Amino acid sequence: MNPDLLIPIIITLVGASTPILIAGLGELVVEKSGVLNLGVEGMMLIGAVVAFAVTYSTGNHWLAIVCAAMASMASSMIFAFLTLSLSASQVATGLALTIFGTGFSALFGQAYTGKPIVIFDSVFPDELENHPFWRVFFDHSPLVFFSLFMVVAVWWFLNKSRAGLILRAVGENDFSAHSIGYSVIKVRYAAVAFGGAMAGIAGSCFPLLLTPQWAERLTAGRGWIALALVVFAAWRPFRLLAGAYLFGLVMTIEVYTKASGSMGLFPSEFWAALPYLATIIVLVLISLRRSGNSAAPACLGKPFMPGQ
Amino acid sequence: MGEWKNVTQFRLEKRPEPSKAMLYLTPIGAVLATALVGAIVFSLIGYDGIGAVREIFLTPILNPLKWQDLAVKSAPLIIIAVGLSIGYRANVWNIGAEGQYVLGGLAATGVALLTRDFSGPWILPLMIAAGMIGGMAWAVIPAFLKTRLQVNEILTSLMLTYVAIQLLNYLIIGPWKDPMGFGFPQTRMFTDDQMLPRVIPGTIVHLGAPIAIVVAIAAWFFMSRSVLGYQIKVVGAAPSAARYGGFSVNKTIWLALLTSGALAGLAGVLEATGPFGRMVPSFPTNYGFTAIIVAFLGRLHPIGIIFAGLAMAVCVVGGEVAQTTIKLPVAAVGIFQAMMLFFLLASDVLVRYRVRVGTRREAEVAR
């Protein structure tokens with residue numbers, strides 16, 4: 001393939017993969033602690049609208065990302081309180097969080113419809129980011145480098161750190177972890193907060209990196225794809241990276257077929273539906289390969305009430 | 309050494325039996341808490357909070373002109389929520405009702421386009437049957453994947469919703485587009501034989517309202533009187549006991565998903581042949597997602613869902629009123645609905661636990 005086309009395609013692919021990778025990493029840690037938070041889509045929407053609003057009014061992308069992370073983390077605490085302190089159903093509460101986030105972003109995003117912001121572009125010198133070849137490494141938003149750094153960080157945390165060991169113990173066997181003196185609830189609160197912050201940063205990718213204009217439901221189901229990605233990755237950070245880039249490829253095909261106007265054999269709606277179809281196909285392929293024993297944390301989705 | 313102080317403590321104590329009173333009271337409490345907190349929060353962010361709550365929760369009830377809107381809006385919510393609740397009882401989490409609803413509407417539209425040149429009372433029942441089969445077909449996919457391959461139905465049913473919406477867009481922009489429609493992406497108008505009759509002359513109340521009541525009552529009989537209904541409840545509450553008792557979990561999953569798919573499809577037909585009268589891009593109306601809240605608010609009980617559907621319709625209709633009268637963005641209704649679900653889920657703890665308030669003397673920690 002022509003490198004003049006290949007390099008922009010790679011850059012688009014990396015950008016499209018970044019939000020689902022960041023959100024997926026957050027949810028991976030949450031699920032490793034034994035909690036299933038289906039509110040990723042809602043938290044991402046909250047992050048997206050907050051990032052848009054802060055960028056629009058201050059022009060500071062870093063501040064926008066921090067605010068998006070904080071806002072989504074705050075919303076994840078509603079989920080944590082209901083499911084961890086009051087042992088409400090995780091499935092129902094996660095859905096409620098998504099409905100809440102959808103309403104929240106629609107309400108606060110309304111004021112920003114039609115107003116443009118500046119994209120959070122590469123921070124490297126122009127010579128590098130415009131170079132015919134080196135731009136493949138440098139023409140990326142800092143959000144992209146953050147996502148790659150977090151893959152390594154989450155892997156290190158889960159597999160090499162003491163805190164990660166405790167978190168996994170809580171997710172695999174909450175009663176044992178509790179009986180040897182770890183606070184299951186506190187660990188899970190921390191994990192949900194981390195997942196919330198990551199979902200917020202993932203949400204900020206939509207206005208800052210992909211579409212610098214506000215539209216309702218900007219994330220278009222990517223939060224749900226991130227949830228599927230965690231299953232696909234069998235709860236492993238590097239597999240998550242591979243999966244996210246695979247989905248990025250599918251979404252890039254959509255972008256390029258739309259842009260070039262050549263839909264080929266299929267109508268544009270087919271390409272728009274493809275990421276969702278691909279998610280289903282991927283889930284099927286994993287279940288075919290995984291015979292019987294699932295890699296899911298043993299306590300995933302189960303409520304824990306100490307002292308009972 | 310050190311000072312002693314009294315510490316007030318809230319303790320949760322498990323009830324031996326879930327409290328029936330709390331089961332009925334908490335949904336009402338959730339609505340009231342939503343109204344109260346909604347008024348405060350919306351005032352704090354600069355809207356007329358009290359006005360918003362008045363318009364959303366009271367105007368639709370106090371203004372008889374709005375009652376027909378309540379009947380029209382609550383019917384699809386009740387029908388979809390009844391279907392979902394059967395699944396949720398069995399721990400089958402169909403959250404793709406929106407897609408099944410769209411497919412129901414599309415299947416009915418397909419029949420409508422084929423039967424344009426015919427007339428007769430057989431057309432509408434055929435459309436209804438097609439719509440139910442359409443919704444069911446969309447639910448077959450998660451059911452098959454769940455029972456054969458243990459693929460999570462939450463993700464598959466939701467992904468199919470996005471696919472359904474793309475399918476709708478393709479059909480109304482492409483092959484089903486009205487050639488006389490001045491380029492608008494929509495199908496032809498349905499003929500009189502393809503439209504749902506009104507049940508109360510002079511109003512917009514169509515056959516959907518009585519159908520919703522019939523569906524709920526039928527589901528109530530099914531769940532409380534039939535062996536299959538009992539089986540669904542056992543599979544949901546105690547899967548291992550169900551296996552021991554010889555109940556097939558897979559059969560239950562099929563039953564739950566096909567029923568909820570067919571009912572979501574039915575709601576789709578009723579909307580297509582009732583208020584819409586043709587297929588348009590705005591057909592996905594979020595009923596499929598709102599019905600999830602209705603199912604929980606109705607305590608997954610068909611009769612409870614009738615009341616919950618009416619309550620949610622009040623919220624939807626009131627939201628439209630508030631949009632015109634006090635310029636409250638329509639998205640605010642979504643926040644009110646989510647808040648209602650949050651409060652309901654939070655107060656669920658009162659059904660299973662008793663809150664004990666006690667004081668305990670505790671040594672103050674010396675710094």
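Line by line, the protein sequences give chains A and B.
Each residue of the first sequence is one higher than the last, beginning at 1 in my numbering.
Each residue of the second sequence is one higher than the last, beginning at 309 in my numbering.
The beta-carbon is built from N, C-alpha and C at its ideal position, and this holds for glycine as well.
Predicted, not measured: the structure shown is a model, and the values here were computed from it.
The C-beta of B/Gln-631 comes no closer than 7 Å to any C-beta of chain A. For B/Asn-558, the enclosing alpha helix (DSSP H) stretches over residues 557-579.
Using a Cβ-Cβ cut-off of 9 Å, A/Ile-46 is close to nothing in chain B; its nearest Cβ partner there is about 11 Å away. Near chain A, meaning a CB-to-CB distance below 7 Å, the residues of the segment 387-401 of chain B are Trp-401. Taking C-beta atoms under 8 Å as the contact rule, A/Ser-204 and A/Ala-68 qualify, at a distance of about 4 Å. If you check the CB distance, B/Val-513 and B/Val-507 come in under 7 Å.
Straight across, the Cα-Cα distance linking A/Arg-217 with A/Leu-210 is about 14 Å. Taking a C-beta cut-off of 9 Å against chain B, the contacting residues of the segment 108-124 of chain A are Phe-108, Gly-109 and Gln-110, listed in chain order. Where B/Asn-477 is concerned, the enclosing alpha helix (DSSP H) starts and stops at 461-481.
When DSSP states are grouped into helix, strand and coil, A/Val-35 belongs to the coil group. For B/Gln-458, there is no enclosing alpha helix (DSSP H), as DSSP marks it with neither H nor E. For the pair B/Thr-334 and B/Val-629, the Cα-to-Cα distance works out to about 27 Å. Closer than 7 Å to the CB of A/Glu-269 there is at least one CB belonging to chain B. Between B/Thr-593 and B/Gln-376, the C-beta spacing is not below 7 Å. Non-local beta-carbon contacts of A/Ile-166 in its own chain, meaning distances under 8 Å to residues more than five positions away in sequence, involve Ala-177, Tyr-182 and Val-187 in chain order.
Taking the Cα of B/Leu-504 as reference, the smallest distance to any Cα among B/Tyr-538, B/Gly-554, B/Gly-413 and B/Ile-561 is reached at B/Gly-413. Under the Cβ distance rule, A/Ile-99 counts among the residues neighbouring chain B, one pair being separated by less than 7 Å.
Taking 8 Å as the upper bound for CB-CB distance, A/Gly-26 and A/Ala-242 are not in contact here, some 18 Å apart.
Under the Cβ distance rule, A/Val-91 counts among the residues neighbouring chain B, one pair being separated by less than 7 Å.
Note on geometry: alpha-carbon atoms of A/Ala-191 and A/Ala-197 lie some 10 Å from one another. The beta carbon of B/Ile-462 lies closer than 7 Å to those of Trp-401 and Ile-403 in the same chain, with the five residues before and after it left out.
DSSP places B/Met-531 inside the alpha helix (DSSP H), whose first and last residues are 516-533. The continuous alpha helix (DSSP H) containing A/His-178 extends over residues 174-179.
A Cβ-Cβ separation of about 5 Å places A/Phe-304 in contact with A/Asp-174 under the 8 Å criterion. For the set A/Glu-41, A/Val-30 and A/Asn-37, the Cα lying nearest the Cα of A/Ala-202 is the one of A/Glu-41. Counting every other CB atom within 10 Å of its CB across the protein chains shown gives B/Asn-558 a total below 16, marking it as exposed. A distance below 7 Å between beta-carbons, with the five flanking residues on each side excluded, links B/Tyr-396 to the following residues of its chain, in chain order: Ala-603 and Leu-608. By DSSP's assignment, B/Glu-321 forms a beta bridge with B/Arg-662. Of all residues in the segment 459-470 of chain B, those with a C-beta nearer than 9 Å to a C-beta of chain A are Val-459, Asn-460, Ile-462, Leu-463, Thr-464, Leu-466, Met-467, Leu-468, Thr-469 and Tyr-470, reading in chain order. Neighbours of A/Phe-104 across chain B, judged by C-beta separation under 7 Å: Ile-643. Residue nearest to B/Leu-652 within the set B/Val-419, B/Asn-314, B/Val-361 and B/Leu-331 is B/Leu-331 (criterion: CA-CA distance).
The shortest C-alpha to C-alpha distance from A/Ser-57 to any of A/Ile-117, A/Phe-108, A/Ser-105 and A/Met-70 is the one to A/Ile-117. Between A/Gly-221 and A/Phe-270, the alpha-carbon positions lie close to 16 Å from each other. Identification of chain B residues near A/Thr-257 by a Cβ-Cβ cut-off of 7 Å yields none; the smallest Cβ-Cβ distance measures about 14 Å.
Just so you know, the alpha carbons of B/Met-488 and B/Arg-496 end up roughly 8 Å apart. Contact between A/Thr-83 and A/Thr-93 is confirmed by a C-beta separation of about 5 Å, below the 8 Å threshold.
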